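Student: Quick one: the structure is below, questions incoming.
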Amino acid sequence: MIKEKFYRIMEGICPVELEEDWDNCGIQINTEFQDVERVLVALEITDAVIDEAIERDADMIITHHPLIFGGLHNVDNRNITGKYINRLIRTGISVYSCHTSFDTMEGGNNDHFGEVLGLNDVEPFESGNRFCRKGVTPMEISFQEFIYQAAEALGVSVRFFSATGDLERKICTVGWCTGSGAEFMREAVDEGCDLYITGDLKYHDAQNARAMDLCVLDAGHYGTEKIFVDNMAEILSRKTNCEILKTKIDINPFV
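Read in order, the letters of the sequence shown are residues 1 to 255 in UniProt numbering.
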């Protein structure tokens, strides 16, 4: 497939205008090669992902997390991002990222998260928050039971989870924001959620959750967003005639 056609398809799937002002979705690296035949889908660029793309002869990597973020003043091989950029350009691999645009879009990360957890009646928050979703458990379940079911559904060890709240509380309505979304806890309370799930919870966030009498599960930034790979790969398989490869790199940076 001609690369420009592939970019148009990507823009149709995940319009860049859906991104937040601070974000950097879309083309990260556009090499001189004009055709796209094999596309590797990964959460983010790492040396291991670049090695995999080379080994599997991919000419495009689609990531959730942008490679270039927060302003790039130079490409210096002595820093991590600069090293990645140099490796990718040398090997002729282009990179395209779908970050907050994919978090907020219909069928994106947050919609898919509810499907993975087996929740019913998934819908956006009534407040109009573009990121958050809520859904209903198939049956009432204790917070503790939910934690273990979520770990199994997400394919993440429960030891990477942190939780605050009454473990015996019965859970019915669940709200969430994949990635990092502690700032939306108050909205979750206002939406009638018994439980709120996100990643990157800090100490004072947990204290605030307890003060609001809200059960909160920190399933990890990685744990809530690794679902991107399966979801995006399935979408690309339907929308393009390229060979779509799902990364085999499944490494939580925490140990």
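Even glycine gets a Cβ: it sits at the ideal position worked out from N, Cα and C. On a predicted model such as this, the values are computed, not experimentally measured, just so you know.
Do residue 256 and Asp200 have their C-beta atoms closer together than 7 Å?
Tutor: No statement about residue 256 is possible, as the shown extent of the chain runs from 1 to 255 and does not include it.
Student: List the whole-angstrom C-beta distance separating Arg159 from Ser142, where the pair is believed to meet the contact cut-off of C-beta under 8 Å.
Tutor: About 19 Å separates the two Cβ atoms, so there is no contact after all.
Student: If you count every other CB in all the chains shown that lies within 10 Å of the CB of Gly26, and 16 or more means buried, which is it?
Tutor: Around the C-beta of Gly26, 16 or more other C-beta atoms lie within 10 Å, and the residue is accordingly described as buried.
Student: Could you check whether the stretch 27-42 touches the stretch 59-73, counting it as contact only if at least three pairs of C-beta atoms, one from each stretch, sit closer than 8 Å?
Tutor: Verdict: yes, contact present.
Student: Does Asp218 pass the burial test, meaning 16 or more other C-beta atoms within 10 Å, or should it be called exposed?
Tutor: Under this definition Asp218 is a buried residue.
Student: So which of Ile197, Pro138 and Arg210 has the shortest CA-CA distance to Asp121?
Tutor: The shortest C-alpha separation from Asp121 is found at Pro138.
Student: Mind checking Pro66: buried by the 16 CB within 10 Å criterion, or exposed?
Tutor: buried
Student: CB Asn30 to CB Ser94, shorter than 7 Å?
Tutor: yes
Student: Kindly indicate the opening and closing residues of the alpha helix (DSSP H) around Lys170.
Tutor: For Lys170, there is no enclosing alpha helix (DSSP H); the residue is found in the beta strand (DSSP E) stretching over Lys170 to Ser180.
Student: What does DSSP give as the partner residues of Glu123 in its beta bridges?
Tutor: Lys134
Student: Apply the 10 Å Cβ neighbour rule to Glu32 and answer buried if 16 or more other Cβ atoms are within range, or exposed otherwise.
Tutor: Its Cβ having fewer than 16 others within 10 Å, Glu32 is exposed.
Student: Please state whether DSSP places Gln207 in a helix, a strand or coil.
Tutor: helix
Student: According to DSSP, is Ser101 helix, strand or coil?
Tutor: Here Ser101 sits in helix by DSSP.
Student: Please name the residue or residues paired with Arg186 in a DSSP beta bridge.
Tutor: For Arg186, which the question treats as bridged, DSSP gives no partner whatsoever.
Student: Under a three-way DSSP split, which group does Asp111 fall into?
Tutor: DSSP, read as helix, strand or coil, puts Asp111 in helix.
Student: In this structure, what does DSSP give as the bridge partners for Tyr96?
Tutor: Ile27 and Ile62
Student: Taking the alpha-carbon of Arg210 as reference, which of Val116, Asn252 and Ala163 has the nearest alpha-carbon?
Tutor: Comparing alpha-carbon positions, the option among Val116, Asn252 and Ala163 lying closest to Arg210 turns out to be Ala163.
Student: Could you check the C-alpha separation between His204 and Gly92 for me, to the nearest Å?
Tutor: Each residue's Cα considered, the two are about 45 Å apart.
Student: Among all the DSSP beta bridges, which residues are the ones paired with Arg38?
Tutor: Glu243
Student: Taking the alpha helix (DSSP H) that Ile85 belongs to, which residues open and close that run?
Tutor: Ile80 to Thr91
Student: Compute the Euclidean distance between the alpha carbons of Gly155 and Ile197, then round it to the nearest angstrom.
Tutor: 16 Å
Student: Which of the three DSSP states is assigned to Met139 in this structure?
Tutor: strand
Student: Please name the residue, chosen from Glu115, Phe228 and Lys239, that lies closest to Glu44 on a Cα-to-Cα basis.
Tutor: It is Phe228 whose Cα lies nearest to the Cα of Glu44.
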